[in-house]
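There are 2 protein chains.
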Amino acid sequence: MAHTTTHHSDDLAQRLADSGLRNTPQRELVYQSILARRDHPTAEEIFARVKAEMPTISLATVYNCLETLIECRLVRAVHFERASTRYCPNLVPHAHFHDSKTGVTHDIDLPEELLAALKKLLPEGYTADMIDITYHGRGAEKPEKLKD
Amino acid sequence: MAHTTTHHSDDLAQRLADSGLRNTPQRELVYQSILARRDHPTAEEIFARVKAEMPTISLATVYNCLETLIECRLVRAVHFERASTRYCPNLVPHAHFHDSKTGVTHDIDLPEELLAALKKLLPEGYTADMIDITYHGRGAEKPEKLKD
DNA sequence: CAAAAACTTAGAATCATTCTAAGAAGAGGG
DNA sequence: CCCTCTTCTTAGAATGATTCTAAGTTTTTG
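Chains A and B supply the protein sequences, listed in that same order. One gets this note's numbering by counting positions in the first sequence from 1 and adding 82 to each. One gets this note's numbering by counting positions in the second sequence from 1 and adding 82 to each.
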């Protein structure tokens, strides 16, 4: 089996096939444009990069391709919870659990030592004013008496 | 010093005064409406609740009051990073550090044991598909060679 | 090749949020 | 009290990211 330098493209083709999806030039290009740099581009930025190679591509297609790549687990979306901002009077440091089935969010208390451990992961000279932690998952089948 | 049941209102008045801001019926009402329940309402939901008491209040005012409350550290915004979603090809579990000075985001590796510790905080029966961790703060004064 | 299915496209639509410009309300000084 | 300055509130317009729609293309399969 000959290995080429297009290793990641093979990944893409494989993953798409696994999901019963087609490999298209647009998907390939969007994927490559994300892999090309170790940054965190927005859809608009990706659109700009990709347009240089394929001037006819549309922004909608870029969004579509990104969604496909996320489905195939080749790319992660960073702030993907794009619903409305929510406001919270609980000022004790805590995390949020977002139930993807019900849409309900509730608070999870954070022990001091965990926060300390998280802060230790930062490189020298970096300081965190706050750490935003959100779990995404499912609650218990038999719902607890926790509220939104 | 006589303590009343309007403890939280006093908090508000105090905090506003500390920041050189006025205490208004709108700010009071928005604050009370968040304290009233232990949930995570959106601006629209707060608007709806508050409108019942003060039908002339506007959505813009609700947004303004919320911003004021956040300034005074009486309320937290949950998904406040409302810029564009960013996409990231790094599939190893990692956190993000968001530099509020430069707007730059970079990856922070997460040790397995820390993830395990986070998962242990969940109540019985809760499972997390993913945990989104974002630090907000400032990088080193002498910038490292880390990229966006 | 024909028909169905999967994709792409441009532009309209949506939704949360912010901006703008004008009007009200409170604080202080005379 | 009245004036003026500053702070707030308001309605509606504007913005910006994303999604939807409807039509056109490409691919696949029979």
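The beta-carbon is built from N, C-alpha and C at its ideal position, and this holds for glycine as well. None of the values given here were measured: they were computed from a predicted structure.
{"query": "Please report how far the alpha carbon of residue 197 (chain A) lies from the alpha carbon of residue 137 (chain B), in whole angstroms.", "result": "43 Å"}
{"query": "Note down, in chain order, all residues in the stretch 190–217 of chain B with a beta-carbon under 8 Å from any beta-carbon belonging to chain A.", "result": "190, 191, 192, 193, 196, 199, 200, 203, 204, 205, 206, 207, 208, 209, 210, 211, 212, 213, 214, 215, 216 and 217"}
{"query": "Can you tell me the Cα-Cα spacing of residue 129 (chain B) and residue 141 (chain B), whole angstroms?", "result": "6 Å"}
{"query": "When DSSP labels each residue in this structure, what does residue 208 (chain A) get in the three-state scheme?", "result": "coil"}
{"query": "If we count the other Cβ atoms within 10 Å of its Cβ and call it buried at 16 or more, is residue 232 (chain B) buried or exposed?", "result": "Nothing about residue 232 (chain B) can be reported from this structure: the residues present for chain B run from 83 to 230 only."}
{"query": "Output the distance between the C-alpha atoms of residue 132 (chain A) and residue 143 (chain A), rounded to the nearest integer angstrom.", "result": "11 Å"}
{"query": "Please report whether the beta-carbon of residue 187 (chain A) lies at a distance below 7 Å from any beta-carbon of chain B.", "result": "yes"}
{"query": "I need the DSSP call for residue 150 (chain B), collapsed to helix, strand or coil.", "result": "helix"}
{"query": "Tell me where the alpha helix (DSSP H) around residue 116 (chain A) begins and ends.", "result": "107–117"}
{"query": "I'd like to know if residue 220 (chain B) contacts chain A, where contact means its C-beta is closer than 7 Å to some C-beta of that chain.", "result": "yes"}
{"query": "Based on the DSSP secondary-structure assignment, which residues constitute the bridge partners of residue 155 (chain B)?", "result": "None, per the DSSP bridge assignment."}
{"query": "Let's test the definition: count the other Cβ atoms within 10 Å of the Cβ of residue 184 (chain B) and tell me whether it reaches 16, buried, or not, exposed.", "result": "exposed"}
{"query": "Quick one: residues in its chain with C-beta nearer than 6 Å to the C-beta of residue 162 (chain A), no 5 flanking neighbours on either side, listed in chain order?", "result": "Because residue 162 (chain A) carries a pLDDT of 44, less than 50, the predicted location of this residue cannot be relied on, and no value is offered for it."}
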